[in-house]
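J.: Right, I'll just put the structure down here and ask away after.
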Amino acid sequence: MLESIPISALYGGILIGISASMLLLFNGRIAGISGILYRLIFNPFDSNERNWRLAFLIGLMVGGYLLLPIDFELREGYSQILLALSGLAVGIGTRIGNGCTSGHGVCGIGLMASRSIVATIVFMLSGIITVTILSAYTGLGG
Amino acid sequence: MQRLITALIAGIIFGAGLVVSEMVNPVKVQGFLNIFGNWDPSLILVMGGAVVVTLISSRFILRRVAPMFTDSFELPVSTIIDRRLILGAVLFGLGWGLSGYCPGPGLVNALINPNEAIVFIPALLIGAWIGKGVSA
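Top to bottom, those sequences are chains A and B. If you're matching positions, the first sequence starts at 370 in the working numbering and goes up one per residue. If you're matching positions, the second sequence starts at 2 in the working numbering and goes up one per residue.
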């Protein structure tokens, strides 16, 4: 198992950490994707904050897309119902819990915020339970 | 202008990190959460690598009076661990497991796998809109 872990996972993580550090150092803002997205969408008239949020998200999407390896295997035929339920649950959950993998898991833990440490443990456990049940019943996500 | 450029560059690096770490691949993420099945532990390194960097950098950055290109740091102030936080994290984990997408990779997949993103992203925004009104 251990020999199957690619070191690129570590490099990718470090890049994410550098990005979050830059946003904090230069702009004084937390690189929490859900927070940035929701504030951009639901508070679009805050022109002072809107533009950097838009710039960050455009960079995120385009940067990821342009760097994608050509042999990247797209998942096909995944259940649309699961995708819809997933989006709803992630949306509600990250809104009421004030953060996702990046905001709580990367930035919040970096700041040693107790809320983020608790949230990260809970969403990891919840994700593990979900995938365990999902793969037992559907064979998906296995 | 400076803060737009820094935000853009930070976004690009974040997107690069998601691709290099394979977080953009929902099958990989589900494999990571599948600890009782054919577990793929590599995303521990992603989280670990990112957190080590932010743990160290935050110490130094927050010694500054202000960020370089804005007037002040805008950090979450709440320290209350309440039902909203827990319920939110439970729901987020549920949704994350169901598709393998959290918000960042979900967004990047608008360009990579639009067939899935066209369902996931609108559902995400509807969920966030519902979540705004939920008092747990």
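Note that beta-carbon positions come from the ideal geometry of N, C-alpha and C, so glycine has one too. Nothing here was measured: the structure is a model prediction, and the numbers come from that model.
Could you give the DSSP three-state label for ILE410(A): helix, strand or coil?
T.: Translated into positions along the first sequence, residue 410(A) becomes position 41. Note: ILE410(A) maps to helix in three-state DSSP.
J.: So, are the CB atoms of ILE87(B) and GLY466(A) less than 9 Å apart?
T.: For the purposes of this step, residue 87(B) is taken as residue 86 along the second sequence, with counting starting at 1. For the purposes of this step, residue 466(A) is taken as residue 97 along the first sequence, with counting starting at 1. Cβ atoms of ILE87(B) and GLY466(A): closer than 9 Å.
J.: Between the alpha carbons of THR501(A) and ASN39(B), how many angstroms are there, rounded?
T.: Residue mapping note: residue 501(A) aligns to position 132 of the first sequence, counting from 1. Residue mapping note: residue 39(B) aligns to position 38 of the second sequence, counting from 1. Distance between the alpha carbons of THR501(A) and ASN39(B) is about 11 Å.
J.: Short of 6 Å in beta carbon distance, which residues of its chain neighbour ARG398(A), apart from the five on each side in sequence? Order them along the chain.
T.: Counting from 1 along the first sequence, the entry for residue 398(A) is found at position 29. Hits under 6 Å: LEU392.
J.: Within 10 angstroms of the Cβ of GLY510(A), are there 16 or more other Cβ atoms? Answer buried if so, exposed if not.
T.: As a first step, residue 510(A) must be located in the first sequence, where it is residue number 141. Per-residue confidence for GLY510(A) stands at a pLDDT of 47, beneath the threshold of 50, marking its modelled position as unreliable; no derived number is given.
J.: Once DSSP output is grouped into helix, strand and coil, what is the label at LEU441(A)?
T.: Taking the first residue of the first sequence as 1, we reach residue 441(A) at position 72. The sequence as given places Phe at residue 441(A); Leu does not occur at that position. Three-state DSSP puts PHE441(A) in coil, outside helix and strand.
J.: Taking the CB atoms as reference points, tell me whether VAL47(B) and SER22(B) lie closer together than 9 Å.
T.: By 1-based counting over the second sequence, the position of residue 47(B) is 46. By 1-based counting over the second sequence, the position of residue 22(B) is 21. Cβ distance < 9 Å, so VAL47(B) and SER22(B) count as in contact.
J.: Rounded to whole angstroms, what is the Cα-Cα separation between LEU9(B) and SER388(A)?
T.: Sequence index remark: in the second sequence, residue 9(B) carries index 8 (1-based). Sequence index remark: in the first sequence, residue 388(A) carries index 19 (1-based). Going from the Cα of LEU9(B) to the Cα of SER388(A) covers about 10 Å.
J.: Kindly say whether SER455(A), judged by its beta-carbon, lies nearer than 9 Å to any beta-carbon of chain B.
T.: Counting from one through the first sequence, the residue named residue 455(A) turns up at place 86. With 9 Å as the cut-off, SER455(A) counts as an interface residue toward chain B.
J.: So with CB distances below 9 Å, who are the chain B contacts of ASN412(A)?
T.: As a working mapping, residue 412(A) is identified with position 43 in the first sequence. Residues of chain B passing the Cβ test: none, with the nearest at roughly 11 Å.
J.: Looking at the unbroken alpha helix (DSSP H) that takes in VAL30(B), where does it start and where does it end?
T.: Along the second sequence, one-based indexing puts residue 30(B) at 29. Element bounds for VAL30(B): 27-34.
J.: Taking one C-beta from the stretch 92-104 of chain B and one from the stretch 451-462 of chain A each time, how about it: are there three or more such pairs within less than 8 Å?
T.: In short, these stretches touch, since the Cβ pair count reaches three.
J.: Thinking just about the alpha-carbon of each residue, which of GLY128(B), PHE15(B) and PRO106(B) is nearest to the one in PHE425(A)?
T.: Taking the first residue of the first sequence as 1, we reach residue 425(A) at position 56. The option with the nearest alpha carbon to PHE425(A) is PHE15(B).
J.: Please confirm if TYR447(A) has its CB atom under 9 Å from at least one CB of chain B.
T.: Start at 1 with the first residue of the first sequence, and residue 447(A) comes out as number 78. Chain B contact via Cβ: present.
J.: Chain B beta carbons: is any one of them nearer than 9 Å to that of SER416(A)?
T.: Taking the first residue of the first sequence as position 1, residue 416(A) is located at position 47. Using a Cβ-Cβ cut-off of 9 Å, SER416(A) does not count as an interface residue toward chain B, since no Cβ of chain B sits closer than that to its own.
J.: Taking the C-alpha atoms as reference points, what is the distance between GLY404(A) and THR463(A)?
T.: Position 35 of the first sequence, counting from 1, holds the residue named residue 404(A). Position 94 of the first sequence, counting from 1, holds the residue named residue 463(A). Spanning the alpha carbons of GLY404(A) and THR463(A) requires a straight line of approximately 8 Å.
J.: For the stretch 50-62 of chain B, which residues have a CB atom closer than 8 Å to at least one CB atom of chain A, in sequence order?
T.: Shown in chain order are the members of the stretch 50-62 of chain B whose Cβ falls below 8 Å from a Cβ of chain A: GLY50, ALA51, VAL52, VAL53, VAL54, THR55, LEU56, SER58, SER59 and ILE62.
J.: DSSP three-state label for GLY472(A), please.
T.: What you label residue 472(A) is simply residue 103 of the first sequence in a count that begins at 1. In the structure shown, GLY472(A) sits in a helix (DSSP, three-state: H, G or I).
J.: Could you tell me whether the Cβ atoms of GLY428(A) and GLY50(B) are closer together than 9 Å?
T.: Within the first sequence, the letter at position 59 stands for residue 428(A). Within the second sequence, the letter at position 49 stands for residue 50(B). No, the Cβ-Cβ distance between GLY428(A) and GLY50(B) is not below 9 Å.
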